[in-house]
Amino acid sequence: MVPRSTALARKTEERRRLALVLAGKVCDYLKGLGAADAFVIGSVLHPDQFHPHSDVDFVVVGLPEIHMYRVEGRIEEILAGMPFDLIYLETLPEERREFILQKGRAWKEFIGIP
């Protein structure tokens, strides 16, 4: 019998890996709509911080205004109901943008984009 904590840890890591795969699809979807960039930040990039109820945090840059606030339904479909947050970089105060962009560079390194 597998200890409950081990089984939960394994299930959480499987969920995190699935979230990463689906996150790539969401980013591709957003870029396909004309976004200059789209990336993931937050706990999904850190196995030690991701837990069974974690959401996936997306940042989108330069999404054409016609699509803003209209993409959440499709993202929810792609993520199969997994909770998420979508941050429009342009709506953040200037001082927060550089911090978020640094996190975006971490995502690109994580998935192997120079």
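Counting the sequence shown from 1 gives a position; the numbering used here is that position plus 993.
Glycine is no exception: its CB is placed at the ideal position from the N, C-alpha and C atoms.
None of these values were measured; they are calculated from a predicted model.
Applying the 10 Å Cβ sphere with the 16-neighbour rule, what's the burial state of residue i?
| i | result |
| --- | --- |
| Phe-1092 | exposed |
| Ala-1002 | exposed |
| Asp-1050 | buried |
| Val-1014 | exposed |
| Leu-1082 | buried |
| Gly-1035 | buried |
Please report how far the alpha carbon of residue i lies from the alpha carbon of residue j, in whole angstroms.
| i | j | result |
| --- | --- | --- |
| Glu-1102 | Glu-1087 | 24 Å |
| Arg-1008 | Pro-1045 | 8 Å |
| Phe-1077 | Asp-1048 | 5 Å |
| Met-994 | Val-1064 | Confidence at Met-994 is low in this model, with a pLDDT of 46, below 50, so its placement is unreliable and no value can be given for it. |
| Glu-1069 | Met-1075 | 7 Å |
| Lys-1018 | Pro-1057 | 19 Å |
| Arg-1098 | Phe-1032 | 9 Å |
| Ala-1029 | Ala-1000 | 40 Å |
| Cys-1020 | Arg-1090 | 18 Å |
| Thr-1005 | Leu-1038 | 13 Å |
| Leu-1079 | Ala-1016 | 11 Å |
| Val-1054 | Trp-1100 | 14 Å |
What residue ranges within the stretch 1008-1084 form continuous beta strand (DSSP E) runs of no fewer than 3 residues, ordered along the chain?
Residue ranges of uninterrupted beta strand (DSSP E) with 3 or more members, entirely inside the stretch 1008-1084 and ordered along the chain, are 1030-1034, 1049-1054 and 1077-1081.
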